[in-house]
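Shown next, in structure tokens, is the structure this report addresses.
There are 2 protein chains.
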Amino acid sequence: MSVRFTVRAQDEASRARRGELVTTHGVVQTPAFMAVGTRATVTGLTPDDLRDVGAQVVLGNTYHLMLRPGPELFQRVGGIHKYMQWHGPVLTDSGGYQIFSLKEDRTVSEKGARFRAYTDQRMHMLSPERSIEVQTAIGSDIMMVLDVCIDSTSEEGAVREAMERTHRWALRSLAARTNPQQALFAIAQGGLNPELRKQSVQFLTQHPFDGFAIGGLAVGDSRQQREEITHLAAELLPADKPRYLMGVGTPPDLLHAVLAGVDMFDCVLPTHLGWQGTAFTSTGRVRITRAPNASCDEPLDAQCTCSTCAKFSRSYLHHLFKCSEPLGPRLLSLHNLHHYHALMAEVRSAIEAGTYASYARQKLEQIDRHEHNGRRLGRALP
Amino acid sequence: MSVRFTVRAQDEASRARRGELVTTHGVVQTPAFMAVGTRATVTGLTPDDLRDVGAQVVLGNTYHLMLRPGPELFQRVGGIHKYMQWHGPVLTDSGGYQIFSLKEDRTVSEKGARFRAYTDQRMHMLSPERSIEVQTAIGSDIMMVLDVCIDSTSEEGAVREAMERTHRWALRSLAARTNPQQALFAIAQGGLNPELRKQSVQFLTQHPFDGFAIGGLAVGDSRQQREEITHLAAELLPADKPRYLMGVGTPPDLLHAVLAGVDMFDCVLPTHLGWQGTAFTSTGRVRITRAPNASCDEPLDAQCTCSTCAKFSRSYLHHLFKCSEPLGPRLLSLHNLHHYHALMAEVRSAIEAGTYASYARQKLEQIDRHEHNGRRLGRALP
Chain A
-6 MSVRFTVRAQ DEASRARRGE LVTTHGVVQT PAFMAVGTRA TVTGLTPDDL RDVGAQVVLG
54 NTYHLMLRPG PELFQRVGGI HKYMQWHGPV LTDSGGYQIF SLKEDRTVSE KGARFRAYTD
114 QRMHMLSPER SIEVQTAIGS DIMMVLDVCI DSTSEEGAVR EAMERTHRWA LRSLAARTNP
174 QQALFAIAQG GLNPELRKQS VQFLTQHPFD GFAIGGLAVG DSRQQREEIT HLAAELLPAD
234 KPRYLMGVGT PPDLLHAVLA GVDMFDCVLP THLGWQGTAF TSTGRVRITR APNASCDEPL
294 DAQCTCSTCA KFSRSYLHHL FKCSEPLGPR LLSLHNLHHY HALMAEVRSA IEAGTYASYA
354 RQKLEQIDRH EHNGRRLGRA LP
Chain B
-6 MSVRFTVRAQ DEASRARRGE LVTTHGVVQT PAFMAVGTRA TVTGLTPDDL RDVGAQVVLG
54 NTYHLMLRPG PELFQRVGGI HKYMQWHGPV LTDSGGYQIF SLKEDRTVSE KGARFRAYTD
114 QRMHMLSPER SIEVQTAIGS DIMMVLDVCI DSTSEEGAVR EAMERTHRWA LRSLAARTNP
174 QQALFAIAQG GLNPELRKQS VQFLTQHPFD GFAIGGLAVG DSRQQREEIT HLAAELLPAD
234 KPRYLMGVGT PPDLLHAVLA GVDMFDCVLP THLGWQGTAF TSTGRVRITR APNASCDEPL
294 DAQCTCSTCA KFSRSYLHHL FKCSEPLGPR LLSLHNLHHY HALMAEVRSA IEAGTYASYA
354 RQKLEQIDRH EHNGRRLGRA LP
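Chains as they are written, first to last, in my numbering: chain A, -6 to 375; chain B, -6 to 375.
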């Protein structure tokens, strides 16, 4: 058995659920946020740092890892866990999103995608079978099928075509799987078209995948469109399999998707924004380079229990960013990941207590109020 | 009393000595290497990391810290220790070296140096008195006098002039000191001229400084010149005060200077080279980006007990550098600082055992052999 998923509690006033996903490398408490470690590293952080912020799962990327360091390395050293020294669960994305982001030197056929690599300038092929082969070498606990990603706002014919190829590729991925220890999740596509989304979910759930993802969102769509499609798809997905909303998003996105019954998330925001100098806090986002922070001796977030907030003042973090010192991004990134993981821990507690719907409403109002204040106060807010 | 220095053991066959320097923020076991934390941060590392690598003292820079975050901040928050959360001893360099490295918009007079700041484009004055005032605000345990730095290879007249002004500035610094808790070290100058070096040491040691530094080396001189001047100066310095060789250097530089009776060192090499991808190991320097490391699953240094070597392979570190991932420099920098601190711990043990001279000879031969092999094998050596 690759993964075992159990729903432990169900919220009373929403579809939110509290689950446990048992993988080869440990148990994931859901709803779970997964830290993005594209190239077998979560930018600037060690596995010890990840454990400190409460990370449960690290997400690697098949496209990037097949180019560098390459599947042969993973075969030789015995997989990504040993390589990056993260001994908890790892999920690998298939590379579909990356392939379709390449603008030049890329041809996609029914067979797969041929593309020129940025690493060695040579042509490579990423097919459903090759993606599974590479993910098998990487040794992730959860593999994703190669899917056809297009802008969520594309016209219907294109969305349908991409969806249908995604389905054929999903079945080829299933047939290509060789290691029963590694779970395989399918990815529902269908853009922003409710009818296509429904077809996609109905097709994929007839096949023995270990979990289902909702793909193709947060690529040009509005928050409202995203929420509608997420609710529709999650409702149609089977209750006994984990549901994973890919690449989404902000804390409000997560709170809404949990209401819809989503169990797993990933997003680069906490790390990317951290490296750019923006922190998520319980009183809204903080741009650390803004002048008022230079004279603020309080932590980023007085409510936060992360190691950055336990020790360092905003004035020190401001100084580090002003000097382009790499400790600054490291400390902010750590804080942001802790913020996301602490939010998910709160989410899980609220579901267990059966109060998630009211918790989420309150939390969303709070975030909205802070963002509104932030906009209103403009530059006066640090 | 600002600092108290005690010589605990004296090597039999050399001038090497094992001491203890008691400062307001803790005891420094000497000979000691000090980690360079110019802008109140050792590039990319936290105070916890510094403790893990065995760091005893962190070195800040008055020139950089007066411009950013500025002395007013240190006054407000109560000093650098609290600000950067390093609660061990801190030494601040005076800014002399930085001032004299500025090529444009700088005028030096008997009063001090006027210069245009890179931070705010305004003119600032750094005089001996101002340097002490800023260092007092910073709250370092050991302050350095502002000195006049010129190329060690300058002609005699210029070297003499710089030395004489350094002496006058040293006395002005002494007179400007207000906090008896903060030690003040003088800096001997005199370039590569033995007679001037002698005069400088003789002049400065007549005054109640808490320690003496040998400045103006590692700026254009050869290793042999550096060693001769270090031996000459150290021999003339009083036995009951700590001796600090500024900005020097490689492990062989340190081993030689300890033979001469030097107690304290600082150098950017372990951190700078670490960020550039070069590691110090017990078998010579390793350029991690070299191709053979891509397939080497051994640690950087099998002899090393640092957290990088305990966990990560060369192939993983190579991958991180190839991907420009910031975890790479962080892990190499950590390793290099551990390497330097472990070397100094070995040095201290050898002096205690009365075997330093033979230990140093053996160690120097070993390093020389590895460097020779490295050159001979060329690109074949990872």
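Each residue gets a CB set at the ideal place from its N, CA and C atoms; glycine is no exception.
Taking a beta-carbon distance threshold of 7 Å, residue 70 of chain A counts as an interface residue toward chain B. Residue 316 of chain A reaches chain B at 32, 61, counting residues in chain order whose Cβ is nearer than 7 Å. CA-CA distance, residue 250 of chain B to residue 208 of chain B, rounds to 13 Å. The beta carbons of residue 133 of chain B and residue 175 of chain B sit about 6 Å from each other, so the pair counts as a contact at 8 Å. The Cβ atoms of residue 301 of chain A and residue 324 of chain A sit closer than 7 Å to each other. Under the 8 Å Cβ criterion, the segment 3 to 13 of chain B does not count as touching the segment 29 to 48 of chain B, having fewer than three qualifying pairs. Think of a sphere of 7 Å around the beta carbon of residue 304 of chain B: the chain A residues whose beta carbon falls inside it are 78, in chain order. Among the residues facing chain B, residue 244 of chain A is not included, as its CB has no counterpart in that chain under 7 Å away. Within the same chain, 152, 153, 156, 183 come within 7 Å of residue 189 of chain A by CB-CB distance, once the 5 residues on both sides are set aside. When DSSP states are grouped into helix, strand and coil, residue 111 of chain B belongs to the coil group. Of all residues in the segment 309 to 338 of chain A, only 309, 312, 313, 315, 316, 318, 319, 320, 323 place a beta-carbon less than 7 Å from a beta-carbon of chain B. Taking a C-beta cut-off of 9 Å against chain A, the contacting residues of the segment 38 to 50 of chain B are 38, 39, 40, 41, listed in chain order. With respect to the 7 Å criterion, residue 287 of chain B and residue 311 of chain B are classified as neighbours on the basis of their beta carbons. Using a CB distance cut-off of 7 Å, residue 86 of chain A does not count as an interface residue toward chain B.
In the DSSP assignment, residue 85 of chain B falls within the unbroken beta strand (DSSP E) covering 83 to 86. The Cβ neighbour count for residue 54 of chain A, taken over all protein chains shown within 10 Å, is at least 16; the residue is labelled buried. The beta-carbon of residue 290 of chain A is placed less than 7 Å from the nearest beta-carbon of chain B.
Residue 95 of chain A and residue 248 of chain A do not touch by the CB rule: their CB atoms are close to 33 Å apart, not below 8 Å. With contact defined as three or more Cβ pairs closer than 8 Å, the segment 235 to 246 of chain B and the segment 202 to 221 of chain B are in contact. Contact check for residue 215 of chain B against residue 138 of chain B fails: the beta carbons are separated by 7 Å or more. If you draw a straight line from the Cα of residue 167 of chain A to the Cα of residue 202 of chain A, it is about 8 Å long.
Apart from sequence neighbours up to five positions away, the residues of its chain that approach residue 77 of chain A with a beta-carbon distance below 8 Å are 30, 33, 34, 40, 51, ordered along the chain. Rounded to the nearest angstrom, the gap between the Cα atoms of residue 243 of chain B and residue 332 of chain B is 11 Å. Residues of the segment 249 to 272 of chain A that bring their beta carbon within less than 7 Å of a beta carbon in chain B are absent altogether. Residue 262 of chain B and residue 309 of chain B have their C-alpha atoms spaced approximately 23 Å apart. Against chain B, the beta carbon of residue 189 of chain A has no neighbour under 7 Å; the closest one sits roughly 37 Å away.
The three-state secondary structure of residue 360 of chain B, taken from DSSP, is helix.
Taking 4 residues as the shortest admissible run, the segment 108 to 153 of chain B contains the following complete alpha helix (DSSP H) segments, listed from N- to C-terminal end: 121 to 131.
Non-local C-beta neighbours of residue 363 of chain B in its own chain, meaning closer than 7 Å and more than five positions away in sequence, comprise 276, 277, ordered along the chain. Note that the C-beta distance between residue 60 of chain A and residue 112 of chain A is below 7 Å.
Exclusion of the five residues before and after residue 227 of chain B leaves 236, 253, 254, 255 as the residues of its chain whose Cβ lies within less than 6 Å of its Cβ. Distance from the Cα of residue 284 of chain B is smallest, within the candidate group B:296, B:270, B:274, B:294, for B:270. In chain order, 129 place their CB closer than 7 Å to the CB of residue 171 of chain A, counting only its own chain and leaving out the 5 sequence neighbours on each side. Proximity of chain B to residue 36 of chain A at the Cβ level (cut-off 9 Å) is accounted for by 318, 319, 320, in chain order. Per the C-alpha coordinates, the member of A:-1, A:360, A:24, A:74 positioned closest to residue 342 of chain A is A:24. Taking all protein chains in view, the Cβ of residue 220 of chain B is crowded by 16 or more other Cβ atoms within 10 Å, so the residue is classified as buried.
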